[in-house]
Amino acid sequence: LLLTATLSHAVVLSLHPRTLVSLVVQVVDHDGSVLAAALHACGLALIHAGVPLRGMLGTCACAVAADGALLLDPTVAEEASAVAVATLGYLVCSTDGDGGAAPACELLLSHSTGALSAEQH
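Count along the sequence shown from 1, then add 1003; that gives the number in the numbering used here.
Right under this line is the structure:
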């Protein structure tokens, strides 16, 4: 459900009304950050298939260790021992073409487990 809700905002659905886009995600090996990896794989599959997107998908998983350290792309062991794990998915859109401005980012997914303070999130 998280993948469907996130990807439906990235795909330009108005160009293909009444069209089904089906993605099958099979996790062969899980060494942590599985949601981030699945979103990256889906985004690349959509690009490879030529499905029009509003921008590029970018996803990051991070864990907060017991000592407060921030771990990017945590492994399964690091996720299990972490106080909290958060996965953030962004849609990175191009600018108006002026070349100098930074691209616009839109938050598509914010999924967390555990307890995060406002400062940590």
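Even for Gly, the Cβ is constructed at its ideal location relative to N, Cα and C.
Buried or exposed: which applies to residue i, given that a residue is buried once 16 or more other Cβ atoms fall within 10 Å of its Cβ?
i: E1109; result: exposed
i: V1054; result: buried
i: T1090; result: buried
i: A1066; result: buried
i: E1122; result: exposed
Below 8 Å on the Cβ atoms is my guess for residue i versus residue j; work out the distance and round it to an integer in Å.
i: G1058; j: V1095; result: 5 Å
i: L1005; j: L1038; result: 7 Å
i: G1092; j: T1009; result: 5 Å
i: S1097; j: P1106; result: 6 Å
Do residue i and residue j have their CB atoms nearer than 7 Å?
i: L1026; j: C1045; result: yes
i: A1068; j: A1085; result: yes
i: L1119; j: A1080; result: no
i: L1111; j: H1012; result: yes
i: D1076; j: S1115; result: no
i: D1034; j: T1078; result: yes
i: A1041; j: V1028; result: yes
Return the first residue and the last residue of the alpha helix (DSSP H) that residue i is part of.
i: V1079; result: V1079 to S1084
i: T1009; result: L1005 to A1013
Under DSSP, the beta strand (DSSP E) around residue i begins and ends at which residues?
i: A1066; result: M1059 to V1067
i: H1114; result: A1107 to G1117
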